[in-house]
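Below you'll find the structure, written out as structure tokens, and then a few comments.
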Amino acid sequence: MPVFVLDRHKKTLMPCSEKRARKLLARGRARVHRRMPFAIRLVDREVCDSVLQPLKIKLDPGSQMTGIALARETETVGVSRGKSDDNGYSSNPYRG
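For the sequence shown, counting from 1, position 80 maps to 1051 in this note's numbering; every step adds exactly one.
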């Protein structure tokens, strides 16, 4: 699962792998910005110093699981799946 990355002014950068995020945190080059969804903030990088690539977010709304994918033009960057939280309730109050 990709880790979201922010620069020191909280502008978005390219996501990185979990392994790279662990290394950046261990070396003191990053701080945890949020825990859910997990995001890190680099302390020594700005957007103008980085190379950004266009990404698309794709959603797969299933009946029981919802899928989210980050994709470039040629490849998939990361995929995540989550269980729907409808608790058996219908959005239509007249349906059984």
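For every residue, glycine included, the Cβ atom is placed at its ideal position computed from N, Cα and C.
With distance defined between alpha-carbon atoms, name the residue in the options nearest to residue i.
{"i": "Lys994", "options": "Lys981, Pro1025, Val974 and Lys982", "result": "Val974"}
{"i": "Leu1041", "options": "Val1003, Leu1026, Phe1009 and Asp1031", "result": "Leu1026"}
{"i": "His980", "options": "Asp1015, Phe1009, Ser988 and Ala992", "result": "Asp1015"}
{"i": "Arg998", "options": "Leu1013, Glu1044 and Gly1038", "result": "Leu1013"}
{"i": "Arg1000", "options": "Leu1023, Met1007 and Glu1017", "result": "Glu1017"}
{"i": "Arg1043", "options": "Met1036, Lys990 and Lys1029", "result": "Lys1029"}
Which class does residue i belong to by DSSP, given the choice of helix, strand or coil?
{"i": "Arg998", "result": "coil"}
{"i": "Asp1020", "result": "helix"}
{"i": "Arg1043", "result": "coil"}
Could you spell out the range, first to last residue, of the beta strand (DSSP E) harbouring residue i?
{"i": "Lys982", "result": "Lys982 -> no beta strand (DSSP E), and no H or E assigned at all."}
{"i": "Pro1032", "result": "Lys1027 to Pro1032"}
What's the gap between the Cα of residue i and the Cα of residue j?
{"i": "Val1003", "j": "Gly1033", "result": "31 Å"}
{"i": "Met972", "j": "Leu984", "result": "16 Å"}
{"i": "Ile1039", "j": "Ser1021", "result": "25 Å"}
{"i": "Gln1024", "j": "Ser988", "result": "16 Å"}
{"i": "Leu977", "j": "Ala992", "result": "12 Å"}
{"i": "Gln1035", "j": "Ile1011", "result": "30 Å"}
{"i": "Met1007", "j": "Cys1019", "result": "27 Å"}
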